Amino acid sequence: MQINGIDIPDVLTTAIEEDRLVVFAGAGVSMQPPDPLPDFTQLIDSLARTSSVDGQVTPRFEGERYESYLGRIGNPTQLKRDCAHIMGAGRASELHANIVRLFEGGVARIVTTNYDLRFEEAANHLGMYLRTFSSPALPLGNDINGIVHLHGDIRQPSEMILVDSDFGSAYVSDGWVARFLVKMFARYTVLFVGYSLRDMPLQYLARSISTELEDRVFVLEPDVAWFTRWRARGITPIRFERYDQLPELFREWRLRVLRTPSERSQAVERISAATDPLTDYDVETLRKAFEDPDPGHRRAYAESFARAAHGFESLETLVALGYGGLLFEKGDEPRDEVLRRWAADAFAVEHHHELILLAEEAHRPFYGRFQRLVLEHLAACEVGDACLAFWAPFLDARAMGAAGVSASTLAQVIGQCIHPEVALAYIRKAFSMHAALWRNADGMPPELPVARFDIDLSSGLHELQRAIARHAEPLEMQLFLLCVDSLEEMEAIQTLQWQRVPVASGEARIDGTAGTAEVLEDLCLTLGRRLVADATVRESVIETCEGSRASVLRRVGRLLRIHVEGGIS
């Protein structure tokens, strides 16, 4: 992600959120205003002057290492006291405070070769209690929690690592610093701040970094000329221009770190509302939110996404990230239910073409629960026939019935239809059926299947009848033939049931269809009586019923014949 003009690798932000980041701070951090301290070279010059005799500073040999020079020119104990005096002055900078703030709400892991206590001061001002460790009493490198002064600090000058013998003991002969670093680099992602390859302490630190740790160790570096050398040491450089950018970088970065559900919800809303392509960090943020171990959190993040979504592109984003299954796959995941309802409510009318294309391009039908939500949205809105007609062939009665769609919802949609042919498409769904089995009283399956209507019409049946009646006149013949086809299909599925095969109740059973079957018979008879008033179709209507395989239709045919001949109506 880019912050304040600086490209921060997403792996660093992820490491913060997962409490795996160590900020490794060098002299450059403490050289910032309001009270800049000297870098290591300047410190050596100051110590050389304090160790001078009669104002004569002992010169450094060409190529002589700074720590060796110090060990040669003065008493180590006094040099360390002088060093503590120099490095103990001044106040913490904004950069110190914002680096500490980066760890707010998580585990702070700050390692520094600086002798000053400015990180501790900044933490105290922020009300953050951080443990502090100082060489040689270092924690295990794979269990850092707090501020670690790798080379000691001003509180115990005698323990500072300053002259050549100190470095030899800490990194080689006793090696406590070297062991700490090896374990630290093996366990954590590390960001160096305030270091230069010219810094003497880094020459020692670099020996503990393996080139195999690439993409695990980073450095903020203003000079691109040094990038190749950093990479040769297994360290990935991140370019910035000026040190005065860094306080704002760490302040803004903290705002992007998502430690609490509230912070993550805000991030999900930001990502959902964005119109620019998602960054890798955005993608990872959404995945973490939607895969949160807490189902309540997953649902809340889905609500945040739906609330801020800017259009159909938001749904396409979810599909691209692999969450298209919420439209096509069965499941009771609360997160998916929130997103299904959002997709149905937001796009079923205004973007129905795009929704259908998603299914077609995925070569998968919509999950029944999503189809039910679409139908409920169509029923609740004032939509035109064009939209209703478009959806009709893509809404499967059996899938919606399995998802619990009600007859009332179907009646509302039929009642909205203006054109009879559109209404007929939805009426067909009301009388659609399939073969089914159920266990009898002794737990055994029956020998033959039964007919089960795809949609349970037991609740809302009267509403459905009224909605159908509204379209009865222009659809008389189509509705009559629909009733005939449905009753004959029922007969074909369960012929023996129509012959009154005994069941537990002692009566024939049409599972889940009793009320609807009666409605079909009644509707068929009512339509038939209206149709036989027309002499041109009278005989064909009666013969259709009388010649049917279904006994109920033959009964309808007899009643129509009696009606025509002037008998009992």
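Okay, so the sequence shown: first residue is 847 according to the numbering used here, each after it adds one.
Think of the CB as a built atom: it goes at the ideal place given N, C-alpha and C, for glycine as much as any other residue.
All values derive from a computational prediction rather than experimental measurement.
- For E1067, the enclosing beta strand (DSSP E) stretches over residues V1063 to E1067.
- Runs of the alpha helix (DSSP H) spanning 4 or more residues and lying entirely within the stretch 1163 to 1214 occur at 1171 to 1174, 1180 to 1193 and 1198 to 1208, in chain order.
- Counting C-beta atoms within 10 angstroms of its own C-beta, M1006 has 16 or more neighbours from the protein chains shown and is therefore classed as buried.
- V1165 is a Cβ neighbour of L1204, given a cutoff of 8 Å.
- Annotated three-state conformation of V1036 is strand, per DSSP.
- Secondary-structure assignment with DSSP links H1223 through no beta bridge to anything.
- Look at the beta carbons and you see the stretch 1140 to 1148 not touching the stretch 855 to 875: under three pairs across the two are nearer than 8 Å.
- In this structure, the CA atom of G1014 is about 24 Å from the CA atom of T896.
- For M974, the three-state secondary structure derived from DSSP is coil.
- In the DSSP assignment, H942 falls outside any beta strand (DSSP E) and lies within the alpha helix (DSSP H) extending over E940 to R947.
- Note that the C-beta distance between I1055 and V1065 is not below 8 Å.
- Judged by their CB atoms, G1412 and I1388 are not nearer to each other than the 8 Å cut-off.
- Less than 8 Å separates the beta-carbon of A1238 from that of V1268.
- Rounded to whole angstroms, E1094 and G1040 show a C-alpha spacing of 15 Å.
- Taking all protein chains in view, the Cβ of I1408 is surrounded by fewer than 16 other Cβ atoms within 10 Å, so the residue is classified as exposed.
- At the C-beta level, V869 and L1092 stay beyond 8 Å of one another.
- Spatial neighbours of T1362 in its own chain (CB-CB distance under 6 Å, excluding positions within 5 residues in sequence) are listed in chain order as F1299 and L1303.
- Within its own chain, the residues whose Cβ lies closer than 6 Å to the Cβ of S1332, once the five positions on either side in sequence are excluded, are F1277 and L1366, listed in chain order.
- In this chain, the alpha helix (DSSP H) harbouring I1117 covers P1107 to A1119.
- In this structure L1328 does not touch R1376 by the C-beta definition: roughly 15 Å separates them, more than the 8 Å allowed.
- With the rule of 3 Cβ pairs closer than 8 Å, the stretch 963 to 977 does not count as touching the stretch 1105 to 1120.
- Nearest in C-alpha terms to V953, of all of F1193, Y1050 and Y1034, is Y1034.
- L1051 is classed as buried because its beta carbon has at least 16 other beta carbons within 10 Å across all chains shown.
- A contact is defined here as three or more CB-CB pairs under 8 Å, and the stretch 993 to 1001 meets this definition with respect to the stretch 955 to 965.
- A check of alpha carbon separations from P982 across F1026, H1209, Q1049 and R1181 identifies F1026 as the nearest.
- Put simply, the backbone Cα of G872 is about 17 Å away from that of T1082.
- As for any alpha helix (DSSP H) of minimum length 4 sitting wholly inside the stretch 991 to 1044, the runs are 1010 to 1014 and 1022 to 1033, ordered along the chain.
- Sixteen is the threshold: since fewer than 16 other Cβ atoms of the shown chains lie within 10 Å of the Cβ of Q848, the residue is exposed.
- For H1280, the enclosing beta strand (DSSP E) covers residues M1279 to A1282.
- Note that the C-beta distance between V1251 and Y1272 is not below 8 Å.
- Secondary structure note for T896: it is in no beta strand (DSSP E), and the uninterrupted alpha helix (DSSP H) holding it is F886 to T896.
- Under the three-state reduction of DSSP, R1085 is assigned to strand.
- DSSP links T958 through a beta bridge to A871 and H995.
- According to the DSSP assignment, V1296 belongs to the beta strand (DSSP E) that extends over V1296 to F1299.
- By the Cβ-count criterion, K926 is buried, with 16 or more other Cβ atoms from all chains shown falling within 10 Å of its own Cβ.
- In the structure shown, S1252 falls within a coil segment according to DSSP collapsed to helix, strand and coil.
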